[in-house]
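For reference, each letter of the sequence shown is one residue, going 1 to 207 in our numbering.
Written below as structure tokens is the structure these notes are about.
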Amino acid sequence: MNASDAGRPEQPGGELSAVAPQLRALRRRAGLTLEAAAQAAGLSPAHLSRLETGRRQPSLPMLLGLARIYGTTVAELLGEAPADRDAVLRGADMEPTRAGGWTYVQAGAPGRGMQALRVQVPYGTQGDVVRVHPGEEWLYVLRGRLRLRLGDSAHLLAPGDSAHFDSLTPHRLAAEDHDGVELLFVHTLLQSPTATLCLGPPTGELP
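So, in structure tokens, the structure goes:
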């Protein structure tokens with residue numbers, strides 16, 4: 001068991017119960033053992049097994065990382081039907097999904113080199129999670145204030161502010177206010193054979 005498993009109670013799959021069989025099927029399609037996939041994702045095999053059996057809910061960054069490792073998209077991990085590559089997405093047709101306390105709605109067609117999401121981050125969720133993964137991220141604050149930590153730099157973003165950064169830079173996202181924050185989030189799925197995805201609580205002191 002690694003540090004990200006310690007002290008956390010088992011949770012049922014809840015809204016993401018359909019993700020568990022998809023995670024297992026896509027890992028097998030990619031030809032990866034449980035141990036190999038877990039190592040690539042920076043997880044313990046036991047943690048990944050819990051995700052695949054619906055006993056633990058994956059966070060959004062975890063879904064992004066597993067999608068990269070399996071050569072697919074978050075939409076396919078969620079079991080959503082493939083859309084036309086040039087499809088127009090209607091807001092009324094998009095169902096919100098919860099992951100790790102966040103609520104997000106697909107805002108871009110699957111099967112492309114980037115993923116666009118509209119994300120709601122409640123206050124106090126995942127604020128201690130340091131994220132490091134290949135690609136680039138672009139964030140735009142729609143509502144509320146975002147506390148963003150990039151490496152050793154801290155930033156407070158208000159509505160209308162944006163950030164564009166290399167996601168190999170260790171970063172944290174958290175809502176500054178109790179009302180939460182809403183973001184437009186774009187992530188490029190860049191393949192990197194040498195980079196390792198790291199998810200979980202911070203290993204160093206970052207204020």
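C-beta: ideal position from N, C-alpha, C; glycine also.
Just so we're clear, the structure is a prediction, and the values are computed from it rather than from any experiment.
Looking at the backbone, the Cα of Gln22 and that of Glu176 are separated by about 34 Å. The beta carbons of Phe185 and Val119 sit closer together than 7 Å. Straight-line measurement puts the Cα of Ala37 at about 8 Å from the Cα of Ile69. Taking the CA atoms as reference points, Arg172 sits about 21 Å from His47.
Two segments are said to touch when three or more pairs of C-beta atoms, one from each, lie closer than 8 Å; by this definition the segment 39-57 does not touch the segment 151-168. Under the DSSP definition of a beta bridge, Gln120 partners with Thr103, Glu182. Distance from the CA atom of Gly31 to the CA atom of Pro170, rounded to whole angstroms, is 29 Å. Going by beta carbons, Val181 and Val129 fall outside the 7 Å limit.
Nearest Cα to Val141 within the set Ala174, Thr125, Leu26: Ala174.
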